[in-house]
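Peer 1: Residue numbers (UniProt numbering): 1 to 346.
From the three backbone atoms N, C-alpha and C, an ideal C-beta is built for every residue, glycine too.
For reference, the structure I am asking about is given below.
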């Protein structure tokens, strides 16, 4: 891809995200979302592969539909209440339509169909952007409108997302699809607490972004696209493979790693709200995700690849390790264990 075009797309991506997360008016938020959509399309289709073109087409159609619904919801709300302020979402029809529109943008169940296919057709770097920074503006809109949204609808979608994200990830052999369904399952955790403590939604998103970024950067460094290729990664950078295993377990939410913190806080808050059945259900559904994270970790660290007598082991990859990989993996593994020490010192 042309460096100038890449620079323009990346700058537009940051601009669109900044406009949406800092706006109070529905129209400026919508403009930011549109800039984001147009900026990411060249990055998805830059390989000119038929699958990449298909992915960019699917992404454009779904995002255009979601943007139309969001604009329609804001216009209905402005028509009945005279308010364009995002926090003043009062009309019931507007609340439902905006929930549907933002859910399509995020890839929540039952509007998740586009997300795994788009990730499968994109490069690892673009997948990283789609799974993290592209979800920030819709999550911000959810955060701003959270007092007005229907808790029953959000809880139903959250439980369905956690269930389907875990269930569909079980039989996947492509790492990008595994991480796509992992993202859908994590969105369920973010959505279920939205009505009761929106700050927890943001904390969960931030920690999910850090951990997922670390995994995508490791997979990009080792050039791993399939589960069968994961078995050969230990011969490339053995220390990085060990860190990869710990990062996967952190994403699964095992203590004492960083990923345990948001799940612990969410279960605690749901219990305080006397939603014990909901907390139990989403906790049990997270075990589905734990299975395929453990399978990835098992393939990366314990399984030996089949080799022949004339097979030359590659002990070092040609790609240099990105400094961001070190930062994100350290945060993914050590943030929770170091938190008490940091609080004691401060």
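1. Along the chain, where does the alpha helix (DSSP H) containing residue 186 start, and where does it finish?
2. Tell me the residue span of the alpha helix (DSSP H) that contains residue 196.
3. Starting from residue 16, trace the alpha helix (DSSP H) both ways and give me its first and last residue.
4. Do the segment 159 to 171 and the segment 284 to 292 meet, that is, are 3 or more Cβ pairs less than 8 Å apart?
5. In angstroms, rounded to a whole number, what distance separates the CA positions of residue 232 and residue 220?
6. For residue 19, collect the residues of the same chain with a Cβ closer than 7 Å to its Cβ; drop the 5 residues on either side in sequence, then sort them by chain order.
7. In the DSSP assignment, what residue or residues form a beta bridge with residue 25?
8. Tell me, please, whether the CB atom of residue 240 is closer than 8 Å to any CB atom in chain D?
9. Hey, out of 84, 76, 102, 107, whose CA is closest to residue 92's CA?
10. Going by C-alpha to C-alpha distance, which of 234, 137, 198, 155 sits closest to residue 63?
11. So residue 115 packs on residue 184, CB below 8 Å; how close in whole Å?
12. Looking only at its own chain, which residues have a Cβ that is under 7 Å from the Cβ of residue 256, when we skip the five neighbours before and after it?
13. From this set, 250, 340, 140, 222, which residue's C-alpha is nearest residue 87's C-alpha?
14. On the DSSP bridge assignment, give the partners of residue 226 in chain order.
15. Candidates 124, 37, 97: which alpha carbon is nearest residue 213's?
16. Quick one: residues in its chain with C-beta nearer than 7 Å to the C-beta of residue 90, no 5 flanking neighbours on either side, listed in chain order?
17. What is the rounded straight-line gap between the Cα of residue 156 and the Cα of residue 134?
18. Which class does residue 283 belong to by DSSP, given the choice of helix, strand or coil?
19. In this structure, does DSSP put residue 220 in helix, strand or coil?
20. Would you call the CB atoms of residue 301 and residue 242 closer than 8 Å?
21. What residues in its chain sit with their C-beta under 7 Å from that of residue 54, if we drop five residues either side in the sequence?
22. Tell me which same chain residues have a C-beta within less than 8 Å of the C-beta of residue 131, skipping the five on either side of it?
23. Is residue 11 buried or exposed, if buried means 16 or more other CB atoms sit within 10 Å of its CB?
24. Roughly how many angstroms separate the alpha carbons of residue 268 and residue 100, rounded to a whole number?
25. What is the DSSP secondary structure of residue 150, counted as helix, strand or coil?
26. In the segment 238 to 275, which residue ranges form an unbroken beta strand (DSSP E) of at least 3 residues, counting only runs that do not cross its ends?
27. Hey, could you find the ends of the alpha helix (DSSP H) residue 46 is sitting in?
28. To which residues of the same chain is residue 297 closer than 6 Å at the C-beta, ignoring the five residues directly before and after it?
29. DSSP on residue 96, reduced to helix/strand/coil?
30. What's the C-alpha gap between residue 74 and residue 303?
31. How about residue 45 and residue 52: do their beta carbons lie closer than 8 Å?
32. Taking Cβ to Cβ, would you say residue 271 is nearer than 8 Å to residue 192?
33. What's the C-alpha gap between residue 143 and residue 197?
34. Looking at residue 154 and residue 195, is the spacing between their C-beta atoms short of 8 Å?
35. Looking at the structure shown, is residue 213 part of a helix, part of a strand, or coil, going by DSSP?
36. Applying the 10 Å Cβ sphere with the 16-neighbour rule, what's the burial state of residue 22?
Peer 2: Checking against the coordinates, here is how it stands:
1. The count along the chain shown starts at 1 and reaches residue 186 at position 186. For residue 186, the enclosing alpha helix (DSSP H) has its first and last residue at 175 to 192.
2. Walking along the chain shown from the start, residue 196 turns up at place 196. For residue 196, no alpha helix (DSSP H) run applies, since DSSP gives it neither H nor E.
3. By one-based count along the chain shown, residue 16 stands at place 16. DSSP places residue 16 inside the alpha helix (DSSP H), whose first and last residues are 3 to 21.
4. Yes: the two stretches touch, three or more of their Cβ pairs being nearer than 8 Å.
5. Counted from its first residue, the chain shown places residue 232 at position 232. Counted from its first residue, the chain shown places residue 220 at position 220. So the two alpha carbons sit approximately 14 Å from each other.
6. Residue numbering aside, residue 19 sits at position 19 when the chain shown is read from its first letter. Cβ neighbours of residue 19 beyond the five flanking positions: 28, 31, 32, 35.
7. To locate residue 25, count along the chain shown from 1; it is residue 25. Partner residues in the beta bridge of residue 25, as assigned by DSSP, are 85.
8. Within the model displayed, chain D is absent; a lone protein chain is all it includes.
9. Start at 1 with the first residue of the chain shown, and residue 92 comes out as number 92. The candidate whose alpha carbon is nearest that of residue 92 is 76.
10. Numbered from its first residue, the chain shown carries residue 63 at position 63. Comparing Cα-Cα distances from residue 63 to each of 234, 137, 198, 155, the minimum goes to 137.
11. Reading the chain shown from its first residue, position 115 is the one you call residue 115. Reading the chain shown from its first residue, position 184 is the one you call residue 184. Their Cβ separation, rounded to whole angstroms, is 7 Å, which keeps residue 115 and residue 184 in contact under 8 Å.
12. Residue mapping note: residue 256 aligns to position 256 of the chain shown, counting from 1. Non-local C-beta neighbours of residue 256 in its own chain, meaning closer than 7 Å and more than five positions away in sequence, comprise 336, 337, ordered along the chain.
13. The residue labelled residue 87 in the question sits at position 87 within the chain shown. Measuring from the Cα of residue 87, the nearest candidate turns out to be 140.
14. As a position in the chain shown, residue 226 is number 226, starting the count at 1. According to DSSP, residue 226 bridges with 174.
15. For the purposes of this step, residue 213 is taken as residue 213 along the chain shown, with counting starting at 1. For residue 213, the nearest C-alpha among the options comes from 124.
16. On the chain shown, residue 90 is found 90 positions in, with the first residue counted as 1. Excluding positions up to five away in sequence, the list reads 77, 81, 148.
17. Here residue 156 is taken as the residue at index 156 of the chain shown, counted from 1. Here residue 134 is taken as the residue at index 134 of the chain shown, counted from 1. Going from the Cα of residue 156 to the Cα of residue 134 covers about 24 Å.
18. Reading the chain shown from its first residue, position 283 is the one you call residue 283. Helix.
19. Looking up residue 220 in the chain shown gives position 220. Helix at residue 220.
20. In the chain shown, counting from the first residue as 1, residue 301 sits at position 301. In the chain shown, counting from the first residue as 1, residue 242 sits at position 242. Cβ atoms of residue 301 and residue 242: closer than 8 Å.
21. Counting from one through the chain shown, the residue named residue 54 turns up at place 54. Setting aside the 5 residues that flank it on each side, residue 54 is surrounded in the same chain by 121, each with a C-beta closer than 7 Å to its C-beta; the list follows chain order.
22. One-based indexing of the chain shown puts residue 131 at position 131. Closer than 8 Å at the Cβ level, and outside the excluded window around residue 131, lie 119, 179, 180, 183, 212, 216.
23. Reading the chain shown from its first residue, position 11 is the one you call residue 11. Residue environment: residue 11 is assigned as exposed (fewer than 16 neighbouring CB atoms within 10 Å of its CB, all protein chains considered).
24. The sequence position of residue 268 within the chain shown is 268, counting from 1. The sequence position of residue 100 within the chain shown is 100, counting from 1. Distance between the alpha carbons of residue 268 and residue 100: 28 Å.
25. Position 150 of the chain shown, counting from 1, holds the residue named residue 150. Three-state DSSP puts residue 150 in coil, outside helix and strand.
26. Qualifying beta strand (DSSP E) stretches: none in this window.
27. Here residue 46 refers to the residue found at position 46 when the chain shown is read from its first residue. Looking at the DSSP string, residue 46 is not in any alpha helix (DSSP H), and its letter there is neither H nor E.
28. Indexing the chain shown from 1 puts residue 297 at position 297. Only residues of its own chain outside the window of five on either side were considered, and among them 245, 248 have a CB closer than 6 Å to the CB of residue 297, listed in chain order.
29. Here residue 96 refers to the residue found at position 96 of the chain shown. Secondary structure at residue 96: helix, using DSSP grouped into helix, strand and coil.
30. Within the chain shown, the letter at position 74 stands for residue 74. Within the chain shown, the letter at position 303 stands for residue 303. Approximately 53 Å, taken between the alpha carbons.
31. Counting from 1 along the chain shown, the entry for residue 45 is found at position 45. Counting from 1 along the chain shown, the entry for residue 52 is found at position 52. Yes, the Cβ-Cβ distance between residue 45 and residue 52 is below 8 Å.
32. Against the chain shown, residue 271 aligns to sequence position 271. Against the chain shown, residue 192 aligns to sequence position 192. No. Outside cutoff.
33. Position 143 of the chain shown, counting from 1, holds the residue named residue 143. Position 197 of the chain shown, counting from 1, holds the residue named residue 197. Taking the straight line from one Cα to the other gives about 9 Å.
34. Residue numbering aside, residue 195 sits at position 195 when the chain shown is read from its first letter. Residue numbering aside, residue 154 sits at position 154 when the chain shown is read from its first letter. Between residue 195 and residue 154, the gap from beta carbon to beta carbon is short of 8 Å.
35. As a position in the chain shown, residue 213 is number 213, starting the count at 1. Correct three-state label for residue 213: helix.
36. On the chain shown, position 22 is the one that residue 22 refers to. Looking at its Cβ environment, which holds fewer than 16 other Cβ atoms inside 10 Å, residue 22 is exposed.
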